[in-house]
Every structure is written in structure tokens, then in C-alpha cells.
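K.L.:
In UniProt numbering, the protein residues as written are 1 to 78.
1. Label residue 44 either buried or exposed according to how many other C-beta atoms from any shown protein chain fall within 10 Å of its C-beta, with 16 as the threshold for buried.
2. One question on the structure: do residue 22 and residue 69 come within less than 9 Å of each other, judged by their Cβ atoms?
3. Would you say the stretch 48–66 touches the stretch 23–33, given that touching needs at least three Cβ pairs under 8 Å?
4. Answer yes or no: do residue 71 and residue 20 have a C-beta to C-beta separation smaller than 9 Å?
5. Expressed to the nearest angstrom, what Euclidean distance is found between the alpha-carbon atoms of residue 74 and residue 29?
6. Between which residues of its own chain and residue 47 is the CB-CB distance below 7 Å, once the five residues before and five after are set aside?
7. Within the continuous alpha helix (DSSP H) that includes residue 3, where are the two ends?
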């Protein structure tokens with residue numbers, strides 16, 4: 001019962017935070033890749049490949065922030 005309550009309290013906040021932060025960081029990442037590739041002409045597939053190679057670092061940065069924020073907000077509810 002307590003595990004279920006804690007999971008539900010944290011997961012609701014976690015997924016909403018994660019999606020928002022992932023979307024924002026993806027936009028920032030795409031802008032930075034576009035500014036680099038402005039000088040060097042690359043194809044769309046190369047641009048997608050650069051984006052996909054940058055995703056693990058972005059997710060590695062976003063997951064701890066999202067986890068701690070979700071725990072703080074999820075567990076502070078009455």
C-alpha cells in the first residue's frame with residue numbers, strides 16, 4: 001500500500017517534469033547543432049545522427065534533476 005502510494009505520488013510529477021525538461025533541452029540541443037552546422041553543410045540524416053548521439057548526455061543530465069524534483073514535490077504532498 002505504501003509502495004503504491006509513493007510510486008504514484010512520485011511518478012505523476014516525474015513524467016510530467018521529464019517530458020517538459022526533455023522537450024526544452026531537445027530544442028536547445030537542436031539550436032546548438034544548427035548553429036554548428038550553419039558553417040558546415042551536412043545532410044538531414046547527419047543532423048539527425050548528431051542529435052541522436054547527443055541524447056544520452058542530455059538524458060544523463062535531465063534524469064537526476066527530474067528525480068529529485070519529483071521526489072521533493074511528490075513526497076511533500078499531504
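Note that beta-carbon positions come from the ideal geometry of N, C-alpha and C, so glycine has one too. Because the structure is a prediction, the values reported are computed rather than measured.
P.N.:
This is what the structure gives:
1. Taking the chain shown and counting its residues from 1, one reaches residue 44 at position 44. It counts as exposed.
2. On the chain shown, residue 22 is found 22 positions in, with the first residue counted as 1. On the chain shown, residue 69 is found 69 positions in, with the first residue counted as 1. With respect to the 9 Å criterion, residue 22 and residue 69 are not classified as neighbours on the basis of their beta carbons.
3. The stretch 48–66, when compared against the stretch 23–33, does touch it at the 8 Å Cβ threshold.
4. The residue labelled residue 71 in the question sits at position 71 within the chain shown. The residue labelled residue 20 in the question sits at position 20 within the chain shown. No. Outside cutoff.
5. The sequence position of residue 74 within the chain shown is 74, counting from 1. The sequence position of residue 29 within the chain shown is 29, counting from 1. Roughly 29 Å separates the two Cα atoms.
6. The residue given as residue 47 occupies position 47 in the chain shown. By the criterion of a C-beta distance shorter than 7 Å, residue 47 is surrounded in its chain by 33 and 37, once the five residues flanking it on both sides are discounted.
7. For this step, residue 3 is matched to residue 3 along the chain shown. Boundaries of the alpha helix (DSSP H) harbouring residue 3: 2–36, taken from the DSSP string.
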